[in-house]
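Those letters in the sequence shown? Residues 1 to 145, per full-length UniProt numbering, in order.
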Amino acid sequence: MGGLSGAALKNHKNYKNFQKFKYQKEGSILDNYVYKDVPTFDVWTKLGLDKLPKNKIQTAPEYRTYERYVNKYADDYLWFPGDHKLKFTGTPEEKTAKAEIWAKKRRPKYMVKEMLGLKDMKKKERQNDPDYEYYALFLKLSGEK
Numbered sequence: 001m002g003g004l005s006g007a008a009l010k011n012h013k014n015y016k017n018f019q020k021f022k023y024q025k026e027g028s029i030l031d032n033y034v035y036k037d038v039p040t041f042d043v044w045t046k047l048g049l050d051k052l053p054k055n056k057i058q059t060a061p062e063y064r065t066y067e068r069y070v071n072k073y074a075d076d077y078l079w080f081p082g083d084h085k086l087k088f089t090g091t092p093e094e095k096t097a098k099a100e101i102w103a104k105k106r107r108p109k110y111m112v113k114e115m116l117g118l119k120d121m122k123k124k125e126r127q128n129d130p131d132y133e134y135y136a137l138f139l140k141l142s143g144e145k
């Protein structure tokens, strides 16, 4: 398959196996990041999503990898919350993307609050926190109240 590109690559008899191999390899790398408790923002920057214009982020192939990582991290956090030291870093674009991904997967509200550092706050205090807008976005997109 070396030297092939475009239609010739996609029509090669081993292309499906190659794609499957790439997907599994990527999954192993992401699993290792989860194991090492790599913050989602670090993965966002490793993938170069911080360098893309806002209107190109969600259509970039790297975004699918990021979405996959956010979901793997959230799944692991739900099962093993003590294994993770949550870090509340990130750009507005990255936090918006996370809120959208969580809403799409219908993540529990308590988990989203924890991930945004809003867990132990009273409602009024939470609403004044700078990360509340991402929680509100999650609620809106997921149809929660």
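Beta carbons are placed, not taken as given, at the ideal position from N, Cα and C, and that holds for glycine.
Taking the Cα of L86 as reference, the smallest distance to any Cα among G117, K22, E62 and I101 is reached at G117. Counting C-beta pairs with one atom in each stretch, the region 116 to 131 and the region 55 to 68 have fewer than three that are closer than 8 Å, which means they do not touch. At the C-beta level, A103 and F138 come within 7 Å of one another. In the assembly as shown, G90 is a buried residue. Its beta-carbon has 16 or more other beta-carbons within 10 Å.
Sequence-distant partners of Y33 (beyond 5 residues in either direction) whose C-beta falls short of 7 Å from its own C-beta, in its chain, are V43 and Y69. In the structure shown, K119 adopts coil according to DSSP, grouped into three states.
If one requires a minimum length of 4 residues, the alpha helix (DSSP H) runs lying completely within the region 43 to 116 are 54 to 57, 61 to 79, 92 to 104 and 109 to 116, in chain order. Residues of the same chain with a CB within less than 6 Å of the CB of Y132, apart from the 5 flanking positions on each side, are R126 in chain order.
Between the alpha carbons of K105 and N128 lies a distance of about 26 Å. In the structure shown, the three-state DSSP call for G27 is helix. Annotation: the continuous alpha helix (DSSP H) that includes E133 extends over Y132 to S142. L78 is classed as exposed because its beta carbon has fewer than 16 other beta carbons within 10 Å across all chains shown.
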